[in-house]
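Below: the structure, in structure tokens.
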Ligand SMILES: C[S@@+](CC[C@H](N)C(=O)[O-])C[C@H]1O[C@@H](n2cnc3c(N)ncnc32)[C@H](O)[C@@H]1O
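In this note's numbering, the protein residues as written are 1 to 344.
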């Protein structure tokens, strides 16, 4: 493991950054509020403009060295001006407190827009920690509350927020129905952990970056091989035939209803539906019985135990449940079960 993969709470682990990037809709401005070792920023397709904020000066200094990202030692205002200017291009980092940014009203003008995507990966709340590792900069419960309230105050931006399951977040988001979450397993320095990603937008129907399409490694490999085969077939066509094919695809996929800069060819349906179409690896029998999973969970089985019944990995099971629209009821049950466990 290199330093950036082993960074405490980092998102560079295999399966982790792919799952998060598969939830990111297209955007012009990308904002990462708690940079760390930039697990998401470094793996995703760059946006036209990106800004990164990190409080630890040592990390900021290493961004330039390790990832060729310039540090910005200017004021918060210079960062916000860069973010707000639609002609800006590239990335700027800022050494400072993510919450301080919002002390400026200009932050709301720059960030509360539909083409803005904000990824926040704050230090995990203390109640979720099994390890004694600490960041140089931590956050109190009060600061987490401030962060959550601040994020609610920019509802036009698309926001994704990483955490480990914890009561403070559950309670905060209870009844705020525009927010949803997904859960997935991730490899951490201390072993496997359940990651939670809260989002203020529905399952995206278009992604900013399609390179990690697929719910797990096997599926991503299969999709990647399939795309390569199609690409090779396309390359075999004569140049005019290629243009004819593009025109035909554009017509079939009907891009006329929505103007979008990228991609030009719009596949129909949601990312999940498209994956479903591309991959039909689960046998008919497994497909039918999978519907019993919610019932099994209700009767007290853990997701690991249910995965074993189907002879699948945990990730594969949760991916299949999501594809079949069975994840939401199970997620609600998980929430209830955790509340009950914590109360007793
Ligand atoms: C969970 S880590 C982020 C990991 C990162 N996503 C990655 O993939 O490496 C949280 C980071 O937030 C930083 N941090 C803590 N408090 C902060 C604050 N108020 N403003 C900005 N960054 C802060 C910590 O120094 C730490 O690097």
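Just so you know, even glycine gets a beta-carbon here, dropped at the ideal spot from N, CA and C.
- In the displayed model, residue 65 falls within a helix according to three-state DSSP.
- At a threshold of 7 Å, residue 10 counts as near ligand 1, since its beta carbon sits closer than that to one of the ligand's heavy atoms.
- With a minimum length of 4 residues, the unbroken runs of alpha helix (DSSP H) contained wholly in the stretch 131 to 209 fall at 141 to 152, 167 to 173.
- Going by DSSP, residue 92 is part of the beta strand (DSSP E) stretching over 90 to 95.
- Taking 7 Å as the cut-off, one finds at least one heavy atom of ligand 1 near enough to the beta carbon of residue 97.
- Residue environment for residue 321: buried (at least 16 other C-beta atoms within 10 angstroms of its C-beta).
- When Cβ pairs closer than 8 Å are counted between the two stretches, the stretch 26 to 36 is seen not to touch the stretch 212 to 228, the count staying below three.
- Note on geometry: alpha-carbon atoms of residue 325 and residue 158 lie some 22 Å from one another.
- Non-local beta-carbon contacts of residue 313 in its own chain, meaning distances under 8 Å to residues more than five positions away in sequence, involve 216, 307 in chain order.
- Three or more Cβ pairs closer than 8 Å define a contact, and the stretch 35 to 51 meets that threshold against the stretch 16 to 23.
- DSSP, read as helix, strand or coil, puts residue 101 in helix.
- For the pair residue 70 and residue 27, the Cα-to-Cα distance works out to about 22 Å.
- For residue 16, the CB contacts under 6 Å within the same chain, skipping 5 residues up- and downstream, are 186 in chain order.
- For residue 119, the uninterrupted beta strand (DSSP E) run begins and ends at 116 to 120, by DSSP.
- For residue 72, the pairing in a beta bridge is given by DSSP as 94.
- In this chain, the alpha helix (DSSP H) harbouring residue 231 covers 217 to 236.
- Pairing residue 303 with residue 290 gives a Cβ-Cβ distance that is not under 8 Å.
- At a threshold of 7 Å, residue 52 does not count as near ligand 1, since its beta carbon sits no closer than that to any of the ligand's heavy atoms.
- Remark: C-beta atoms of residue 121 and residue 191 do not approach each other more closely than 8 Å.
- Counting every other CB atom within 10 Å of its CB across the protein chains shown gives residue 340 a total below 16, marking it as exposed.
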